[in-house]
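Chemist: Supplied in structure tokens, the structure appears directly below.
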Amino acid sequence: MATPPRKSARPRPAPAEPDAAAPDTLHTAPDNIWLAGLGALASAQANAQAEGTKAFEALVQQGLQMQARTQALAKEQWNEAAQRMGAFTAETAGAAGSWDRLGGIFEGRVARALASMGMPAASELAELRQRVQALEQALAALQAPPAKPKPAAPRGAGRKPKPAP
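The sequence shown maps to residues 4 to 168 in our numbering.
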């Protein structure tokens, strides 16, 4: 059989009497929930701001490291390019010297061939040109008509008159 329920040793509290100073419990619960939400939002924003600042500083540090690595890599590649350009320049200078020597050999052979055929050298032609010009000037001076003499001044025009006694 079922036993009757026991009575607890503690007395039940008396129902609260409506007090004029007590807040309205119907409006208090939603206000408290609202205030708790605002507090949670403020706390989350503060945490996010602190974490955001830390994250920003970490990103700045990563950016500085990346910049340093990039500059080092660029400098290294610049040096490699400069070395390759220097080597290329040295090779080109050597090849140009070879071409200059080959050109000199060719010019010498052509000059000897022309001399063997009786052709004058460029310097001989320049000398001959100067001699011809000098001869032309001398000839022009000899062929020029003689200059007309100036008419003589009349005989008494240059004398001073005698003073009267």
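Glycine included, each C-beta is placed from N, C-alpha and C at the ideal position.
(1) Between the C-alpha atoms of K153 and A141, what's the straight-line distance to the nearest angstrom?
(2) Roughly how many whole angstroms lie between the Cα atoms of A116 and E79?
(3) With A125 as the anchor, note down where its alpha helix (DSSP H) starts and where it stops.
(4) Below 9 Å between beta carbons: does that hold for A118 and A125?
(5) Below 6 Å CB to CB, which residues in the same chain sit around P148 once its five sequence neighbours on both sides are set aside?
(6) Using C-beta distances below 6 Å, list every residue in its chain close to K151, excluding the 5 sequence neighbours before and after it, in chain order.
(7) Can you determine whether any heavy atom of the ligand NAD sits closer than 8 Å to the C-beta of A93, and answer yes or no?
Modeler: Let's see:
(1) 25 Å
(2) 56 Å
(3) A125 to Q146
(4) no
(5) none
(6) none
(7) Inclusion of the ligand NAD in the displayed structure is not the case, the ligand content being empty and no account of it being possible.
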